[in-house]
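Peer 1:
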Amino acid sequence: MSELTGRTAEELGAAIAAGETSAVEVTRAHLDRIDAVDPAVHAFLHVAGESAVAQAAEVDRRIAAGEKLGPLAGVPIAVKDIIVTQDMPTTAGSKILENWLPPYDATLVRKLREAGLVVLGKTNMDEFAMGSSTEYSAYGPTCNPWDTGRIPGGSGGGSAAAVAAREAPLAIGTDTGGSIRQPGAVTGTVGAKPTYGGVSRYGLIAFSSSLDQAGPVTRTVTDAALLHEVIGGHDRCDSTSIDAPVPPVVEAARRGLTGDLTGVKVGVVREFAAAQGAEPGVVAAFEAGVQTLTKLGAEVVEVSCPHFEYALPAYYLIAPSECSSNLARFDGVRYGLRVGDDGSRALEEVMSLTRDRGFGPEVKRRIILGTYALSAGYYDAFYGQAQKVRTLVTRDFTAAFEQVDVLAAPTTPFVAFPFGSRTADPTQMYLADLYTIPSNLYGGPAISVPCGLSEGLPVGLQIMAPTMADDRMYRVAAALESTQSPRLADQTPEVTA
Amino acid sequence: MTTAVSDLSDVLSRYEVVMGLEVHVELGTRTKMFCSCPTTFGAEPNTQICPVCLGMPGALPVVNAVGVESAIKIGLALGCNIAQWCRFARKNYFYPDMPKNFQTSQYDEPICFDGSIDVEVDGKPVTIGIERAHMEEDTGKSLHVGGATGRIHGATHSLLDFNRAGIPLVEIVTKPIVGAGADAPAIARAYVAAIRDIVRALGVSDARMDQGSIRADVNVSLMPIGATEFGTRTETKNVNSLRSVERTVRFEMRRQAEVLDGGGVIHQETRHFNEATGETMGGRVKETATDYRYFPEPDLVPLAPERAWVDKLRAELPELPAAKRARLRSEWNLSELDMQAIDNAGAFDLIEATVSAGASPESARKWWLGELSRYANEHDAELAELTATPAHVAELQSLVDGGRLTDKLARTVLSGVLAGEGTPAEVMAARNLEVVNDTGALTAAVDEAIAANPDVAAKVRDGKVAAAGVLVGAVMKATRGQADAKSVRELIIARLGAQ
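Below, the structure written as structure tokens:
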């Protein structure tokens, strides 16, 4: 492992800007690392070695020419394969988009390129971001660098594993019900979901439009904040994007690193503590994390969010409903896979054969669920009712944030589980996102920071904040991180192929 | 229209007709409803497309503010309430020319609702209730290749053109129109014409029915007289001319009566109107109402048109066709019968333009309802499509008024204009049709005619003035019709010393 792949994005950016190393060198080091460990990890679906080196060379040229670039210029990044990239295939982990080359770049990808970040490639994921283990990728699962017999979390397991295995210092994930935070927790990385609308969704292949949010996956909280500043902000191409400046997240993270949380009120959700199924080791690590916050000067109080227990079922009606409509465009007519077009079959048959062959079991399950929930006669009982629960969950958050500045919760109820242990029972799999889903329904920011180990595997602590108060969340997360030496993300065991 | 009454009187002795009309108006915005692609009609297939209107993975819609403004203007012109808050919804169904397999439309929260307009049929005003006017996007177009008819049956393959996908539409839906009786077909026609005229006056659409920028779905049902519940309706889709709207209603009334009389059942179905036969044909039978699984479009934020903006648009509404008609009716001072005839011929705007170009209302009416209507009928064309324009007609009339053309010559000139030979003055010059005014030349022709017809001349000299017609004829022949017959007659009488 090159010394370069051990550094944080912030350190790499500074070294490149100072001329201590070059973007090309840094990029090559990470490409070498990918060559060495990805056969064992399988974090990437596509590695764009040549274009990454060319892009890095361009950054070096601009720095040599005296251009003033941002703090992450020349730093490599991996992008979840649900985000469209003009020069790389984008599959969303599905056979239905195998080898599909999008005609345009997502807004956030354009911003990455403009800021001089070097896109290394596309990371593996549960098909169309549906899953909590990356076992539903049509291209095979990603392995957890901490234990390659275990899952790396989902759906953004590829992005989290790439960062944990030091194949990339930064990655982009998307979080519909916890897919940035949950993989972050089980791989010992930092996963941040900005406020809904804080990062443009333009170019994000939609799973559930009202819940989807892209965000950073990194090894440190400061890195997450730096990346957040690059990709955040209003986009005219996304009418749900917030028309306001990005909160001062980097400044907040730096303030948090001083380790002082005096005057900050942290709420712990009573209903989460009482929830069934959390592993004792996870609970212990979480409680230790809360103790640490207290030591840093934070006041910790218990708050009640009585409707959080209904968030999971409401989510599993809203998300499938929206996905059943969002995924209707994959029909074999205009792009991607097409099955049965030999002229002997009717159009409807071609569409259904294509969708049957192209979609995996979890995607089909959710499309059917959503189609049913939206259909005439059931709309009010299912989709309509779920929207009411969403309103109640939002009220719980609002009421809680009248009492406290942020909420703390475990990120996941359990550590990374072995492959295959939950695929047979979808509802067991759905429980992985129990603690992350409420903030998606609400739309506020949430971050997972490593807070210890259980059975030798990482545990994440989640900080949730009011909408648009992303800076507050970064401050508390960075304070917690500042107490860890070495950081959990620096302790990833060496992966061997 | 009188034939319609006699055709339908039998049907109407047993059934009451109920109609519902859904008119799709394609807005004339520069760009599409949810992206910035141009909307030019007739462009090369698939040259006006982008990731958004193609529904490419990851692409998101953004609402066209001009589209919303146009929808509000239409709503205001139809006397509708404008929603304080409304949303787009997704209408989900699979169709190859629909890029996302859902149409972004409005469902239970339309931007305009509860309005009404008055239309006139044979001078009688009829009020049509408007249920709603909502915004939606158009789909792409399938082109079926390889078959004889251009229809899907028999085609070897289909091509898709997405230029039209995402073009903004406003769909205007009437409340059920009950009690129209024998006037139903004419009311349907008058209503669609009224919508066409309104959107044209608002400047929100070019309102070309022949190019599909206005399309009507015609719902018709019959119920036995005395019944309290509406009968099962059929929906004839995409009827694209006023005449076809009228024929569709008439045909469906007769067809449905025949089915019901025979003890049959009307199926709720989609039908298509066949221009060639004047008949509607059944499409797919809707066993149950199609489940479109509507839900609020999560990719778009709700719309909340500011009241101040709506009030401003209301204040800026142009004079609407109905008001304008009322005003011109008194200004033009034509008879009620003439005004009706103008309406029926769809010549209102043409006559108005002709009057603006300087002609008198009476002469404008005479040309458009006379010579030009006759020509249009013979050539199966709309008045507005003729080569002759209001400016031409005004110019022609001014040549007549100035004595340079006789009525007869003017008609010949007009046929030249219609044949594309140029403006009236150009045709007159090129064909040498101007009235002969040179008295010397006329006197010579008169003298010649007198010399050639001494017997007739003698009779006239004896006071039998009526006999002068023969001499007039001879002079007109000699001048190839370019003399004014009245002056020729006067000249002959003067030459022969009759009183």
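Protein sequence lines correspond, in order, to chains A and B.
According to our numbering, the residues represented by the first sequence are 1 to 497, in order.
According to our numbering, the residues represented by the second sequence are 1001 to 1499, in order.
Glycine residues also receive a C-beta, built at the ideal position from the N, C-alpha and C atoms.
Quick check: the Cα distance between Glu-279 of chain A and Val-459 of chain A, rounded to an integer number of angstroms?
Peer 2: Translated into the one-based positions of the first sequence, residue 279 of chain A becomes position 279. Translated into the one-based positions of the first sequence, residue 459 of chain A becomes position 459. Spanning the two alpha carbons is a distance of roughly 11 Å.
Peer 1: For a contact meaning CB atoms closer than 7 Å, what does Lys-1100 of chain B contact in chain A?
Peer 2: Here residue 1100 of chain B is taken as the residue at index 100 of the second sequence, counted from 1. Those within 7 Å of Lys-1100 of chain B in chain A are Ala-328 and Arg-329.
Peer 1: In terms of alpha-carbon separation, which member of A:Leu-434, A:Gly-443 and A:Thr-258 lies closest to Ala-478 of chain A?
Peer 2: Counting from one through the first sequence, the residue named residue 478 of chain A turns up at place 478. Ranking A:Leu-434, A:Gly-443 and A:Thr-258 by Cα distance to Ala-478 of chain A puts A:Thr-258 first.
Peer 1: Compare the C-beta of Leu-1159 of chain B with all C-beta atoms of chain A and state if any pair is closer than 8 Å.
Peer 2: Taking the second sequence and counting its residues from 1, one reaches residue 1159 of chain B at position 159. Chain A contact via Cβ: absent.
Peer 1: Please classify Cys-1053 of chain B: does DSSP put it in a helix, a strand, or coil?
Peer 2: Against the second sequence, residue 1053 of chain B aligns to sequence position 53. It is coil, neither helix nor strand.
Peer 1: With 16 as the cutoff for other CB atoms within 10 Å, does Thr-174 of chain A come out buried or exposed?
Peer 2: Within the first sequence, numbered from 1, the residue matching residue 174 of chain A stands at position 174. Burial call: buried.
Peer 1: In the DSSP assignment, find the unbroken alpha helix (DSSP H) run with Glu-1137 of chain B in it and report its ends.
Peer 2: Taking the first residue of the second sequence as position 1, residue 1137 of chain B is located at position 137. That residue, Glu-1137 of chain B, is in no alpha helix (DSSP H); its beta strand (DSSP E) goes 1124-1137.
Peer 1: Here's a check: name, in chain order, each residue in its chain whose Cβ is nearer than 8 Å to the Cβ of Glu-251 of chain A, leaving out the five neighbours to either side.
Peer 2: Start at 1 with the first residue of the first sequence, and residue 251 of chain A comes out as number 251. If we look at Glu-251 of chain A and ignore the five residues flanking it on each side, its Cβ neighbours are Asp-471.
Peer 1: Using a Cβ-Cβ cut-off of 7 Å (strictly less than) and excluding sequence neighbours within five positions of Ala-1485 of chain B, which residues of its own chain qualify?
Peer 2: Here residue 1485 of chain B refers to the residue found at position 485 when the second sequence is read from its first residue. These residues qualify, in order along the chain: Val-1472 and Met-1476.
Peer 1: Around the Cβ of Pro-1168 of chain B, are there at least 16 other Cβ atoms within 10 angstroms (buried) or fewer (exposed)?
Peer 2: Against the second sequence, residue 1168 of chain B aligns to sequence position 168. Result: buried.
Peer 1: Give the straight-line distance between the Cα atoms of Gly-1154 of chain B and Ala-1148 of chain B, rounded to the nearest whole angstrom.
Peer 2: Translated into positions along the second sequence, residue 1154 of chain B becomes position 154. Translated into positions along the second sequence, residue 1148 of chain B becomes position 148. Computed Cα separation, rounded: 7 Å.
Peer 1: Sort B:Pro-1176, B:Arg-1014 and B:Glu-1131 by Cα distance to Tyr-1107 of chain B and report the nearest one.
Peer 2: Taking the first residue of the second sequence as position 1, residue 1107 of chain B is located at position 107. Per the Cα distances, B:Glu-1131.
Peer 1: Take the Cβ of Lys-1073 of chain B as the centre, count every other Cβ of all protein chains shown within 10 Å, and call the residue buried at 16 or more, exposed below.
Peer 2: Mapped onto the second sequence, residue 1073 of chain B falls at position 73. Lys-1073 of chain B should be labelled buried.
Peer 1: Cβ atoms of Ala-164 of chain A and Pro-145 of chain A: under 8 Å apart, would you say?
Peer 2: On the first sequence, residue 145 of chain A is found 145 positions in, with the first residue counted as 1. On the first sequence, residue 164 of chain A is found 164 positions in, with the first residue counted as 1. Yes, the pair counts as a contact, with Cβ atoms nearer than the cut-off.
Peer 1: Just mark Trp-1367 of chain B as buried or exposed, buried being the case when its beta carbon has 16 or more other beta carbons within 10 Å.
Peer 2: Working through the second sequence from its first residue, we reach residue 1367 of chain B at position 367. The residue in question, Trp-1367 of chain B, is buried, as its Cβ has 16 or more Cβ neighbours within 10 Å.
Peer 1: Going by the DSSP bridge assignment, what does Cys-1037 of chain B pair with across the sheet?
Peer 2: Reading the second sequence from its first residue, position 37 is the one you call residue 1037 of chain B. Answer is none; Cys-1037 of chain B lacks a bridge partner.
Peer 1: Hey, how far is the Cα of Met-473 of chain A from the Cα of Gly-1283 of chain B?
Peer 2: Working through the first sequence from its first residue, we reach residue 473 of chain A at position 473. Working through the second sequence from its first residue, we reach residue 1283 of chain B at position 283. Straight-line Cα distance between these residues: approximately 59 Å.
Peer 1: Can you find the residues in the same chain that come closer than 7 Å, C-beta to C-beta, to Val-1436 of chain B, ignoring five residues on each side of it along the sequence?
Peer 2: Here residue 1436 of chain B corresponds to residue number 436 of the second sequence, with the count starting at 1. If we look at Val-1436 of chain B and ignore the five residues flanking it on each side, its Cβ neighbours are Leu-1442, Thr-1479, Gln-1482 and Ala-1483.
Peer 1: Less than 8 Å between C-beta atoms, sequence neighbours within five positions excluded: which residues of the same chain meet that for Leu-1500 of chain B?
Peer 2: A query on residue 1500 of chain B cannot be resolved here, the shown segment of chain B reaching from 1001 to 1499 and no further.
Peer 1: Using only alpha-carbon positions, find the residue among B:Val-1413, B:Gly-1226 and B:Leu-1076 that is nearest to Leu-1317 of chain B.
Peer 2: By one-based count along the second sequence, residue 1317 of chain B stands at place 317. Ranking the options by Cα distance to Leu-1317 of chain B, first place goes to B:Leu-1076.
Peer 1: Short of 6 Å in beta carbon distance, which residues of its chain neighbour Val-1005 of chain B, apart from the five on each side in sequence? Order them along the chain.
Peer 2: Within the second sequence, residue 1005 of chain B is the residue found at index 5, counting from 1. Confidence at Val-1005 of chain B is low in this model, with a pLDDT of 48, below 50, so its placement is unreliable and no value can be given for it.
Peer 1: Using a cut-off of 7 Å between C-beta atoms, extract the partners of Gly-1055 of chain B located in chain A.
Peer 2: Walking along the second sequence from the start, residue 1055 of chain B turns up at place 55. Here the neighbours are Arg-329.
Peer 1: Is there at least one Cβ from chain A nearer than 8 Å to Leu-1076 of chain B's Cβ?
Peer 2: Indexing the second sequence from 1 puts residue 1076 of chain B at position 76. Closer than 8 Å: no.
Peer 1: Please check if any C-beta of chain B sits within less than 8 Å of the C-beta of Ala-489 of chain A.
Peer 2: On the first sequence, position 489 is the one that residue 489 of chain A refers to. No, because no Cβ of chain B sits closer than 8 Å to the Cβ of Ala-489 of chain A.
Peer 1: Rounding to the nearest angstrom, what Cα-Cα distance links Ala-73 of chain A and Val-190 of chain A in this structure?
Peer 2: Position 73 of the first sequence, counting from 1, holds the residue named residue 73 of chain A. Position 190 of the first sequence, counting from 1, holds the residue named residue 190 of chain A. Rounded to whole angstroms, Ala-73 of chain A to Val-190 of chain A spans 20 Å at the Cα level.
Peer 1: Cβ of Asp-1291 of chain B within 8 Å of Cβ of Ala-373 of chain A?
Peer 2: If you number the second sequence from 1, residue 1291 of chain B lands on position 291. If you number the first sequence from 1, residue 373 of chain A lands on position 373. Cβ atoms of Asp-1291 of chain B and Ala-373 of chain A: not closer than 8 Å.
Peer 1: Measure the beta-carbon distance from Val-59 of chain A to Val-118 of chain A and round it to whole angstroms, keeping in mind my assumption that it falls under 8 Å.
Peer 2: Indexing the first sequence from 1 puts residue 59 of chain A at position 59. Indexing the first sequence from 1 puts residue 118 of chain A at position 118. Right, the Cβ-Cβ distance comes to about 7 Å (below 8 Å), so this counts as a contact.
Peer 1: In this structure, how does DSSP classify Ala-15 of chain A when only helix, strand and coil are distinguished?
Peer 2: In the first sequence, residue 15 of chain A corresponds to position 15, counting from 1. Of the three classes helix, strand and coil, the one that applies to Ala-15 of chain A here is helix, per DSSP.
Peer 1: Check this for me: beta carbons of Thr-90 of chain A and Val-84 of chain A, under 8 Å apart or not?
Peer 2: Position 90 of the first sequence, counting from 1, holds the residue named residue 90 of chain A. Position 84 of the first sequence, counting from 1, holds the residue named residue 84 of chain A. In contact: Thr-90 of chain A and Val-84 of chain A (Cβ atoms closer than 8 Å).
Peer 1: Whose C-beta lies closer than 8 Å to the C-beta of Val-1425 of chain B among residues of the same chain, with five residues either side of it excluded?
Peer 2: As a position in the second sequence, residue 1425 of chain B is number 425, starting the count at 1. According to the sequence shown, residue 1425 of chain B is Ala rather than Val. Cβ within range, chain order: Glu-1395 and Leu-1399.
Peer 1: Using 8 Å as the limit for Cβ to Cβ distance, is Arg-219 of chain A near chain B?
Peer 2: For this step, residue 219 of chain A is matched to residue 219 along the first sequence. Chain B contact via Cβ: absent.
Peer 1: Who are the Cβ neighbours of Gly-1146 of chain B in its own chain at under 8 Å, not counting the five residues just before and after it?
Peer 2: In the second sequence, the residue the question calls residue 1146 of chain B occupies position 146. Result list for Gly-1146 of chain B: Gly-1154, Ala-1155, Thr-1156 and His-1157, in chain order.
Peer 1: Based on DSSP bridge pairs, tell me the residues matched to Thr-987 of chain B.
Peer 2: Outside the displayed span of chain B (1001 to 1499) sits residue 987 of chain B, for which this structure offers no information.
Peer 1: State yes or no: is the C-beta of Ile-318 of chain A within less than 8 Å of the C-beta of Arg-390 of chain A?
Peer 2: Residue numbering aside, residue 318 of chain A sits at position 318 when the first sequence is read from its first letter. Residue numbering aside, residue 390 of chain A sits at position 390 when the first sequence is read from its first letter. In contact: Ile-318 of chain A and Arg-390 of chain A (Cβ atoms closer than 8 Å).
Peer 1: On the three-state DSSP scale, how would you describe Gln-86 of chain A?
Peer 2: As a first step, residue 86 of chain A must be located in the first sequence, where it is residue number 86. The answer is coil: DSSP assigns Gln-86 of chain A none of H, G, I, E or B.
Peer 1: Should the segment 1370-1387 of chain B be called in touch with the segment 1449-1465 of chain B, which here means at least 3 C-beta pairs below 8 Å?
Peer 2: Result no; under three Cβ-Cβ pairs closer than 8 Å.
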